[in-house]
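Down below is the structure, laid out as structure tokens.
Residue numbers (the working numbering): 9 to 466.
The following block contains the structure:
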């Protein structure tokens, strides 16, 4: 496909990298020459300098021949106007826009985004997506990553293996034999920042981050096997009153007997939050100040969630919370360098907005019979849902005879709406949904494997 990306920030540049690796033709538009030069030096792409909303700039980007436009500039308004121009002037078939403001994403105005009004095919709200991700982590405190797949039939859990994990140094094959009814598949392990797609003889070690597929009904049993705490939190403190913090507070207010506190530094914003939240204790102050944390009863808080736009503040706040004995810390962290370091310092859950945004966009780009795709660990790997079709190379093949490259593993098969138990004898059938764990270097192989549907675009 020919795709125009408007915005060369972290999300735009990451999407450009994904798409060029998948052999799409990519043009990146931005008014920052330095960012464009950096991208051109790293990727095989074309760049166009200028404001994305200007028709002349889109024309220079060859918009008339484009199949898709992705507007991810820092301005909602620029993204809106760019999609309008892409449709009205250049007839680009698919328009995707990132919109941050709740004024634009409020469901009350959903009819605003239609062919007759403002023609945007897919609206992505990063604040909403991030809040959704954090909600899952709150629900399963023993996991640092939670993905719900195939209509919530299958979960992917990221579980950190510490020295007390009872499943260390046991071959994975033996784990399957000991606990056959759980149906869990260890699909990937990150050890010393390197990805391993394990075989049946692989043994977990202390310090490993394991990514495990499990049917939804066995999630708690799996966490119990790893001796991970499943106790629901009763006291949660949110640090930062942006739209993410507001969305989380509203959710927690309606999710049971949870005592919610929120600290916001800006006085006007804190006043707004206090007026719009009914059961949350809002404190105006700097959460990096220990007196303010103590005012928020940090001593009884079980989970601290830092959601500001400043990575460094979120990290420091999480480390301070750990010193107060907080069980779980969740930090929104965007810089890749930090995401590779901070888990060793005591941050339990890292929420990477870049990964979440990329995953949202990938769902509308992956082609053929790939129906969903999710970026994991800053692009180290992907999780994909793919539908088996008549011409699929391995249809009617037993799993033991499927010859995938070593960086690919089938983590689950959903048949007629339900996960099935996997063994070497399991035969892949038409219309099965395969849930795949794919190392980044093998994504292209999977795309081609499921593109045999002769130019069909899912």
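Even glycine gets a Cβ: it sits at the ideal position worked out from N, Cα and C.
No experiment lies behind these values; they were computed from the predicted model shown.
In the structure shown, residue 22 falls within a helical segment according to DSSP collapsed to helix, strand and coil. Looking from the CA of residue 131, the closest CA among 40, 110, 381 and 145 belongs to 110.
Beta-bridge analysis with DSSP links residue 55 to 36. A distance below 9 Å separates the beta carbons of residue 191 and residue 427. Residues of the same chain with a CB within less than 6 Å of the CB of residue 102, apart from the 5 flanking positions on each side, are 76 and 129 in chain order. As computed with DSSP, residue 165 is found in a beta bridge with 154 and 220. Bounds of any alpha helix (DSSP H) do not take in residue 77; it lies within the beta strand (DSSP E) bounded by 76-79. Residue environment for residue 87: buried (at least 16 other C-beta atoms within 10 angstroms of its C-beta). The three-state reading of DSSP puts residue 107 in coil, since its state is none of H, G, I, E or B. Scanning its chain for C-beta atoms nearer than 7 Å, with the 5 sequence neighbours on each side dropped, one finds around residue 395 the residues 377, 379, 439 and 441, in chain order. Around the CB of residue 214, fewer than 16 other CB atoms lie within 10 Å, so the residue is classed as exposed.
Distance from the CA atom of residue 374 to the CA atom of residue 455, rounded to whole angstroms, is 7 Å. Per DSSP, residue 336 lies in no alpha helix (DSSP H) segment; the continuous beta strand (DSSP E) that holds it begins and ends at 336-340. Beta-bridge annotation (DSSP): residue 196 is paired with 219. The DSSP assignment places 275-284 and 298-303 as complete runs of the alpha helix (DSSP H) inside the region 275-327, in order along the chain (cut-off: 4 residues). When the five nearest sequence neighbours on each side are left out, the beta carbons in the same chain lying within less than 6 Å of the beta carbon of residue 273 are those of 294, in order along the chain. Per the Cβ contact rule, the region 404-419 is in contact with the region 429-436 (3 or more Cβ pairs under 8 Å).
In this structure, DSSP gives residue 419 an extended state, which the three-state scheme calls strand.
Close CB contacts of residue 423 within its chain, under the 7 Å cut and outside five residues either way in sequence, are with 437 and 440 (chain order). Bounds of the alpha helix (DSSP H) holding residue 227 are 227-233. Two segments are said to touch when three or more pairs of C-beta atoms, one from each, lie closer than 8 Å; by this definition the region 252-260 does not touch the region 188-204. A buried status is given to residue 328, since no fewer than 16 other beta-carbon atoms sit within 10 Å of its beta-carbon. A straight-line Cα-Cα distance of about 26 Å links residue 279 and residue 341. If you draw a straight line from the Cα of residue 53 to the Cα of residue 85, it is about 26 Å long. In this structure residue 194 is in contact with residue 206, their Cβ atoms being roughly 6 Å apart against a cut-off of 8 Å. Per DSSP, the beta-bridge partners of residue 14 are 37 and 79.
Taking a contact to require three or more Cβ pairs closer than 8 Å, the region 60-69 and the region 12-23 qualify as touching.
By a beta-carbon distance limit of 8 Å, residue 323 contacts residue 355. Their separation comes to about 6 Å. Bridge pairing for residue 357: 338 [DSSP]. In the structure shown, the three-state DSSP call for residue 121 is coil.
Residue 72 sits exposed, since fewer than 16 C-beta atoms from the chains shown fall within 10 Å of its C-beta.
In the three-state reduction of the DSSP assignment, residue 9 falls in the coil class, being assigned neither a helical nor a strand state. The three-state reading of DSSP puts residue 253 in helix, counting H, G and I together. For residue 145, the enclosing alpha helix (DSSP H) covers residues 134-147. Proximity to residue 196 across 418, 458 and 431 peaks at 418, based on C-alpha coordinates.
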